Every structure is written in structure tokens, then in C-alpha cells.
Amino acid sequence: MNGGGGSASAGGGGGGVADNKLCIVEHDQRGDAAMIASVAEAPHPYPISKVQWAPASSSTPNLLATSGDYLRIWRFGGSSAGADSSDGLVVESLLANQSKADLVAPLTAFDWNETSPNLVVTSSIDTTCTVWDVTTAQAKTQLIAHDREVFDVGFASGTADIFASVGADGSVRLFDLRALEHSTIIYEHPQSAPLLRVAWNRQDPNYLAVVAYESHSIHILDVRVPSVAVAELAGHTTCVNAVAWHPKNSGYLMSAGDDGRVLVWDVGAPTPARKGAGGAAAALGGSATLGGSAALAASATGSEPAVYAPLLAHAPHPQGAEVENLCISHLADWVAVTAASQVKLLRL
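Numbering (numbering that gives the first Met the number 0), first residue to last: 0 to 347.
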């Protein structure tokens, strides 16, 4: 969701090139109801693996990016052109991840740097991560990040230099742009399962959340306690598709899954999972706190992570359709989710 206004972006793909579109949708925040309308669309020649607005900055006004075959930097000119026109969306840069001659490897994900909004890092199936300067449309550096495909990447909050990546080799790797001679493996999945998602805590950069392939749970990592997960969040009954930390509260985390549910977790005041609960979520007592560091540190002493239950659960689609993605607004208590080719807004 756009941090500077009431707009959200959505990417869709189908069976052919004509089905791939980038859409800007806008919602009216003047009342309690969330009214959504498409205000701009543009064709996309390749299925979109990720879409993200640039951090609010004077140097990147109304910019967003998509990844797929290339990293595309778009400028959104406003909603006056109407939803049937692509005039409101213009490609400013087309950046190719060309690590080998005559081969452009598809991009799996990317992330804007909030501290230095001119920087974007991308991940690719060719094992590399590339850091781009979007103001010059040039690559600052490209490195071999994993032994196999890289599936996700993200900058740590509050820094222009540190990012983490996950991939098919089942590892989480930490990189520092000031010292690229080496990287740090902070976690390896016990069964070497591919890791698909990584998300940094936006308030406390010591913590990350990772999701493994076909996993029903989310693992919380502490960079100060490498090699082990400090907590496991168990509540989904099928695969987890997306995870996001609340931008203002370090204790809150949200996730979405194939079970058609969006779960809210409070790792600042975690509640142990009940044995035999079967992933069922209950409305649990307790208030949100910023005490995630103290609460999770205690669970890092053992070899097995403590298992926690969700605080709340919601099924946004009446037929229980899979929830593919979610995004939390930086300005208001809104969460955008995608399910059954629809975008829905939920109020926290």
C-alpha cells in the first residue's frame, strides 16, 4: 500500500501476456466503509512476482516497482486518466538482471530501502541478488547469494547496507554492502526445505520471520542467536503464503494462507499454543506490547523453538478462498489482502 496516500497496487497474471496487468486501486477513507475502485491499469508482459510502492520520499514521489522478467520502475501520475487508460502509469526504468550473456533470469522478489529510497535489491532464480540505484538505473553490485534459486530478499529497517535473502537451499543469509567479501548464514532449515519468504521486523531489526515451502507455520529468527529459530507461530492449517510485520508495533505480525485465513500474532505478548488445537485460533486476552525482545529471548535457550498461537483470525472471502498476499498500510489501520482475484481491505 502507498505510504503517502490511499492507493494500493496489485499485480495479476493469467494464461497469456494479455492477462498480466498492473492495477492501481484507490479507497475512500472518509467513512467507515472501504470503497475500492481501480484508477489506473497497464499491461505487463510477464507475470508479476512482486509489486511495491517506493518509500515516501521527495526523491521518489509516486514511484512503484514490479518484478518479473525485469525490474520495472513505474511512475503513477494520478487517477485522472481513468481505469481504462495506461496514461496514469508510465515505465521510467527497465532494469535487466543479466548475469550471463544473452540470458535474462526472471526475478523472484525485490525490496526498496526505506533509509535510502534510491536503492532496490532484487533476487533471482540464477542464485544472485542485485542492488540497483534507481536514480541512475544502474546496478551498484551483483553477488552470488545462494547455492540455488533465491526466492525472497529484504533490507533491514533503519539501515542502507544490510539485507537478508532466502532460497531453495533452505538458508537465510545476511549481507552487508560495506563488506561483501563474505555473508553470514544465520539459519538453515532442519530438513533443508526451500525458504520462500523473509520479512524484517520494521521496528526491531534483530528479528525476522521466514516461511518454508509448504509450511503451515512461521519461524521467528533473532540475528543475535544464529542457527536456531526463537519461536514458531503455528495457526494455519495449510500452506502459509505471506507474512508482514506491523509497521508501528514491533510485537504484531500478520500472515495469510491457503486455508483462507488471515491471522494476527502478538509476539510481544505471545500465547503458547494449546496441544491438540489443530491450528484453531481463539480470541486471546492480553494487550500488545513492545516487549518482543524480552519475550522471545527466553525461548531461544532451548534447541526447539517455543510454539505460539495466533491472537485473532479472519476469513476475508465468504467461500474460504486461498489468501495469496497481504500488505499493511503505514499510515492507517488497514490491511489489503488478495483472494480469488479480488483485493479486499480489512481494518485492524
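Just so it is clear, CB atoms sit at the ideal spot from N, CA and C, and this is done for glycine as well. The model shown is predicted, which means the values in this text are computed figures rather than measured ones.
Where residue i falls: helix, strand or coil (DSSP)
i, result
"ASP18", "helix"
"LYS139", "strand"
"GLY256", "strand"
"ILE47", "coil"
"ASP265", "strand"
"CYS326", "strand"
"PRO315", "coil"
"ALA159", "coil"
"CYS238", "coil"
"ALA55", "coil"
"ALA339", "coil"
"ILE124", "coil"
"GLY153", "strand"
"GLU148", "coil"
"ARG201", "coil"
"THR134", "coil"
"SER286", "For SER286, the predicted model reports a pLDDT of 32, less than 50, meaning its position is unreliable and no value from the coordinates is stated."
"SER216", "strand"
"SER66", "strand"
"GLU113", "coil"
"GLU91", "strand"
"ARG223", "coil"
"VAL103", "coil"
"ALA433", "Lying before the first or after the last residue shown, residue 433 is absent from the chain, which here runs from 0 to 347."
"LEU232", "strand"
"PRO42", "strand"
"LEU118", "strand"
"PRO271", "strand"
Beta-carbon spacing of residue i, residue j below 8 Å
i, j, result
"VAL120", "PHE162", "yes"
"ILE184", "ARG172", "yes"
"LEU311", "ILE35", "no"
"TRP264", "LEU220", "no"
"HIS316", "GLY259", "yes"
"GLY87", "VAL38", "yes"
"VAL130", "ALA138", "yes"
"SER115", "ALA159", "yes"
"ALA211", "HIS235", "no"
"SER66", "ALA108", "yes"
"LEU194", "VAL222", "no"
"LEU102", "SER122", "no"
"PRO271", "ALA228", "no"
"LEU325", "VAL261", "yes"
"LEU176", "THR140", "yes"
"VAL322", "ALA243", "no"
"ALA155", "ALA230", "no"
Outcome for residue i when other beta-carbon atoms lying within 10 angstroms are tallied against a minimum of 16
i, result
"PRO44", "exposed"
"ALA41", "buried"
"ASP83", "Caution is warranted here: a pLDDT of 48 is assigned to ASP83, below 50, making its placement in the model unreliable, and the coordinate value is therefore given only provisionally. Exposed: under 16 other Cβ atoms inside 10 Å."
"GLN51", "buried"
"ASP27", "exposed"
"GLY157", "exposed"
"ARG71", "buried"
"HIS181", "exposed"
"ARG147", "exposed"
"ASP125", "buried"
"GLU113", "buried"
"SER226", "exposed"
"ALA178", "exposed"
"PRO269", "buried"
"TRP21", "The question names Trp, but residue 21 is Leu in the sequence shown. Buried, because 16 or more other Cβ atoms sit within 10 Å of the Cβ of LEU21."
"ALA208", "buried"
"ASP110", "buried"
"SER340", "exposed"
contact_flag[the segment 198 to 216, the segment 247 to 263] where n(CB pairs < 8 Å) is 3 or more: yes
For a minimum of 3 consecutive residues, which ranges assigned as the beta strand (DSSP E) are wholly contained in the segment 156 to 199? 161 to 166, 170 to 175, 183 to 187 and 194 to 199
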